[in-house]
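The numbering of the sequence shown is the working numbering, which starts it at 30 and goes up by one.
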Amino acid sequence: MNRTDHEAHTHVADTPIKLAAERASRWLQDHQNSRGDWAGEVEWCTMLVSQYTITRFILQRPMSETQRTGFLRTLTTMQAPDGSFGLHPTSSGYVFSTTLAYVALRLLGVDVHDPRARAALQWLTDHGGIMGIPTWGKIWLAMANLYRWEGVNPTPVELWLLPESSPIHPSRYYCHTRLIYLALGVLAALRFKGPTPSSESAAIIDALQTELYGNIPYDRVDFAGFRHAIAPSDLFDSPSVPLRLSYDLLSKYEKHPIHTLRRRAVAENLRRIRFELISTDYRCISPVNGLLNTLALAAADPDDPDIDRALSGVDTWQRERQDGCIDIQGASSESWDTAFVIQAATAVGRDVRWDLSLACAAQFLVTNQTTSDFSDDKLTYRDVQRGGWCFGEAHHHWPVSDTTAEAVNALTILQYHFPQHPRLTPENTEAAVRFILSRQNADGGFGSYERRRGNLWLDKLNPAEMFGSCMTERSYVECTASCMKALSLLRPSLSHGLRFQTDQAVSNAALFLRRSQRGDGYWPGFWGVFGIYGTLFAIKGLRSAGALTDDPALTRARTWLLSQQRNDGGWGEHWRSCLVDYPVPAPTSLVISTAWALLALMWAGEPDDAILQKGVNWLVQAQQEDGSWPKQDPAGVFFGTAMLHYSLYKITFPLWAINTWLQRCANAETAG
30 MNRTDHEAHT
40 HVADTPIKLA
50 AERASRWLQD
60 HQNSRGDWAG
70 EVEWCTMLVS
80 QYTITRFILQ
90 RPMSETQRTG
100 FLRTLTTMQA
110 PDGSFGLHPT
120 SSGYVFSTTL
130 AYVALRLLGV
140 DVHDPRARAA
150 LQWLTDHGGI
160 MGIPTWGKIW
170 LAMANLYRWE
180 GVNPTPVELW
190 LLPESSPIHP
200 SRYYCHTRLI
210 YLALGVLAAL
220 RFKGPTPSSE
230 SAAIIDALQT
240 ELYGNIPYDR
250 VDFAGFRHAI
260 APSDLFDSPS
270 VPLRLSYDLL
280 SKYEKHPIHT
290 LRRRAVAENL
300 RRIRFELIST
310 DYRCISPVNG
320 LLNTLALAAA
330 DPDDPDIDRA
340 LSGVDTWQRE
350 RQDGCIDIQG
360 ASSESWDTAF
370 VIQAATAVGR
380 DVRWDLSLAC
390 AAQFLVTNQT
400 TSDFSDDKLT
410 YRDVQRGGWC
420 FGEAHHHWPV
430 SDTTAEAVNA
440 LTILQYHFPQ
450 HPRLTPENTE
460 AAVRFILSRQ
470 NADGGFGSYE
480 RRRGNLWLDK
490 LNPAEMFGSC
500 MTERSYVECT
510 ASCMKALSLL
520 RPSLSHGLRF
530 QTDQAVSNAA
540 LFLRRSQRGD
550 GYWPGFWGVF
560 GIYGTLFAIK
570 GLRSAGALTD
580 DPALTRARTW
590 LLSQQRNDGG
600 WGEHWRSCLV
610 DYPVPAPTSL
620 VISTAWALLA
630 LMWAGEPDDA
640 ILQKGVNWLV
650 QAQQEDGSWP
660 KQDPAGVFFG
670 TAMLHYSLYK
680 ITFPLWAINT
690 WLQRCANAET
700 AG
């Protein structure tokens with residue numbers, strides 16, 4: 030170590046940096062749940078609150094007054110100054126979100142002349158009205174008797190009767206997409222719509238039909254003429270020519286369907302829906318398809334006893350905040366967040382003040398490994414689940430590759446520092462390895478829930494105009510890197526045969542990562558924003574595969590990361606990077622971007638301590654008195670446009686970066 034390095038390390042563990050780590054640690058320990066886990070909020074948009082409200086209206090299941098006021102607070106809080114509602118808290122307005130939110134406001138008792146309703150309706154008027162609402166929105170309006178099915182592009186339930194070898198069979202879709210269209214197929218086939226004008230809801234339906242269509246009487250609206258209409262504000266992935274042609278052909282079929290075929294397809298899909306409900310304890314893979322499943326049951330039989338159980342399953346996704354807002358989260362993150370907190374806390378080695386918290390966290394992870402498969406998995410075309418971890422808890426029963434890998438990483442690190450803490454049995458360790466290996470694709474990369482089953486050209490048939498890259502599994506930089514590290518950590522404990530498979534998997538994954546690096550030196554993230562996130566994980570993966578710090582790929586990555594550092598020492602990448610597929614600087618430095626960049630540079634062996642300390646100092650200065658960091662732009666994403674606030678990221682990753690820096694300094698002082 031040269032003199033400059035030594036000076037940089039002298040007293041680096043001074044009070045401000047150590048105190049920052051201690052404050053963040055205390056904050057996390059104070060917010061640990063009694064079961065041993067950490068679970069931050071996963072904040073998205075108002076879509077689920079709106080759809081839940083519409084669902085209860087359709088089913089004529091009144092909600093509690095607590096729910097009603099909590100949902101109203103959420104909608105009020107998330108309405109933009111111009112009256113619109115976006116696809117996430119920092120986006121511009123969407124016709125989709127604003128229309129559904131307007132309907133929800135009215136169903137929740139907000140008067141048409143209320144400023145919130147007036148502003149939303151005026152925004153819709155200024156943006157061409159509601160006829161350009163994307164297909165998913167048209168379906169929800171049709172089910173609420175506020176739109177007509179002839180104006181909805183077909184979602185043929187008969188697709189499920191195709192031979193499974195067909196390249197367009199739904200079994201080849203990404204699992205979330207597959208399960209959404211499982212229920213949509215039933216709802217579209219049955220032309221389901223909710224309360225009729227003869228019901229007690231006639232007045233609000235009539236009022237909304239008048240309000241939403243302005244001067245055009247509802248019975249004179251040319252719904253069929255707007256099948257292909259999509260508002261520019263909402264369009265991300267334009268329907269391809271083949272898809273539009275398919276829609277037009279299928280629309281003709283819809284006028285004269287083969288009824289015996291349709292009845293058979295509906296019956297098969299209802300069987301699959303029931304299996305999804307039962308296998309997830311009625312929670313479903315997400316509340317998005319949970320609501321659709323509930324409505325599909327009602328469409329087939331309004332007296333189905335499972336309707337209320339399915340609706341109660343959706344209720345488990347609700348979260349009430351301290352300000353009284355009630356939200357419905359699209360995901361719960363207990364295992365994911367807990368695995369990261371463990372790694373952040375132990376990045377500085379063993380700290381006895383963490384002993385009890387980490388013992389409880391280890392117990393939570395050990396007990397939330399999925400330990401069995403369902404005998405009827407083929408009914409919904411699931412891959413093996415045994416050995417994996419779900420993003421949230423085990424009863425979700427949809428384990429994911431990267432959550433499994435990060436849980437393994439956390440437990441392996443704990444086993445090293447705290448050998449007395451709960452650990453995996455050899456049998457469960459092997460099951461975790463086999464689960465991870467089962468998610469590797471032919472190109473060496475790893476999928477998320479499943480291996481990739483369909484060709485990427487399926488994206489040309491993407492019917493979800495607001496989202497992209499959602500038709501089939503793919504290989505993700507982040508999942509690949511997490512799996513590489515987990516397999517590398519577990520390698521010494523494996524049998525010879527499994528060790529050989531693991532070595533081959535890691536080698537192929539490293540080749541995938543090298544091929545995926547962009548010319549500027551960064552890697553694209555799929556689940557986080559964007560270049561910094563992808564690069565953080567890719568570096569972790571390559572290092573776990575044995576790449577040295579002078580590896581050309583790591584050198585290029587460091588060069589790119591250093592080029593993104595701001596004069597104040599921080600980093601900031603805008604979420605718009607995910608929309609345009611290249612890094613876009615944010616107007617200011619961001620806490621999460623800075624933490625990710627620092628971790629990536631330190632893992633890649635960046636030699637310039639002064640640069641790193643400048644970033645660490647920025648993090649320390651940005652910390653709040655209670656030990657947390659301020660909420661800024663969203664850092665998570667899915668399907669290209671849906672930005673997410675993971676509330677714990679802004680505490681976990683800064684602590685991880687600071688602790689990694691402190692450990693680096695301690696190592697240097699020991700060596701010096």
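Even for Gly, the Cβ is constructed at its ideal location relative to N, Cα and C.
Along the stretch 438-480, the beta strand (DSSP E) does not occur as any fully enclosed run of 3 or more residues. The continuous alpha helix (DSSP H) containing residue 216 extends over residues 204-218.
Burial of residue 96 is indicated by the presence of at least 16 other C-beta atoms within 10 angstroms of its C-beta. Selection 163, 115, 219, 206 evaluated against residue 172 yields 219 as nearest (Cα-Cα). Looking at the DSSP output, residue 666 bridges to 672.
Check the Cα spacing between residue 299 and each of 571, 94, 358, 209: the tightest is with 209.
Closest in alpha carbon position to residue 590, among 453, 237, 160, 549, is 549. Under the rule that a run must span 4 or more residues, the alpha helix (DSSP H) segments found entirely inside the stretch 592-624 read 606-609. Given a length threshold of 4 residues, each whole run of the alpha helix (DSSP H) inside the stretch 521-579 is given here in chain order: 525-545, 560-573. Going by DSSP, residue 363 is part of the alpha helix (DSSP H) stretching over 363-374. If you check the CB distance, residue 656 and residue 623 do not come in under 7 Å. In this structure residue 645 is not in contact with residue 680, their Cβ atoms being roughly 16 Å apart against a cut-off of 8 Å. With contacts defined by Cβ atoms closer than 7 Å, residue 677 and residue 665 do not form a contacting pair.
The stretch 149-167 makes no contact with the stretch 436-447: fewer than 3 CB pairs, one atom from each, lie closer than 8 Å. If you look at residue 356, you'll find it isn't in any alpha helix (DSSP H); it sits in the beta strand (DSSP E) that goes 355-357. Contact between the stretch 195-205 and the stretch 472-491 is present, with at least three C-beta pairs closer than 8 Å. Annotated three-state conformation of residue 419 is strand, per DSSP. Setting aside the 5 residues that flank it on each side, residue 212 is surrounded in the same chain by 298, 302, 318, 321, 322, 324, 325, each with a C-beta closer than 8 Å to its C-beta; the list follows chain order. If one requires a minimum length of 4 residues, the alpha helix (DSSP H) runs lying completely within the stretch 126-160 are 144-155, in chain order. Non-local beta-carbon contacts of residue 240 in its own chain, meaning distances under 7 Å to residues more than five positions away in sequence, involve 141, 150 in chain order. Shown here, residue 55 sits in a helix according to DSSP, grouped into three states. Distances from the CA of residue 366 to each of 431, 352, 338 were compared; the closest alpha carbon is that of 431. Cα atoms of residue 461 and residue 414: separation of roughly 10 Å, rounded to the nearest angstrom. Nearest in C-alpha terms to residue 260, of all of 373, 272, 128, 334, is 128. Remark: three or more beta-carbon pairs, one from each stretch, lie closer than 8 Å, so the stretch 625-642 and the stretch 551-568 are flagged as touching. Going by DSSP, residue 349 is part of the beta strand (DSSP E) stretching over 347-349. Annotation for residue 282: the continuous alpha helix (DSSP H) segment containing it runs 270-284. When beta bridges are read from the DSSP output, residue 410 appears opposite no residue. Pairing residue 393 with residue 65 gives a Cβ-Cβ distance under 7 Å. Counting other Cβ atoms within 10 Å of its Cβ, residue 696 stays below 16 and is therefore classed as exposed. For residue 69, the secondary structure class from DSSP, reduced to helix, strand or coil, is coil.
DSSP places residue 683 in the helix class (H, G or I) of the three-state scheme. In the DSSP assignment, residue 103 falls within the unbroken alpha helix (DSSP H) covering 94-107.
Excluding sequence positions up to five before and after residue 186, its CB lies within less than 8 Å of the CB of 214, 215, 217, 218, 291, 294, 295, 298, all in the same chain and listed in chain order. DSSP places residue 429 in the strand class (E or B) of the three-state scheme. Taking C-beta separations shorter than 7 Å and ignoring five residues to either side along the sequence, the partners of residue 169 in its chain run 80, 83, 129, following chain order.
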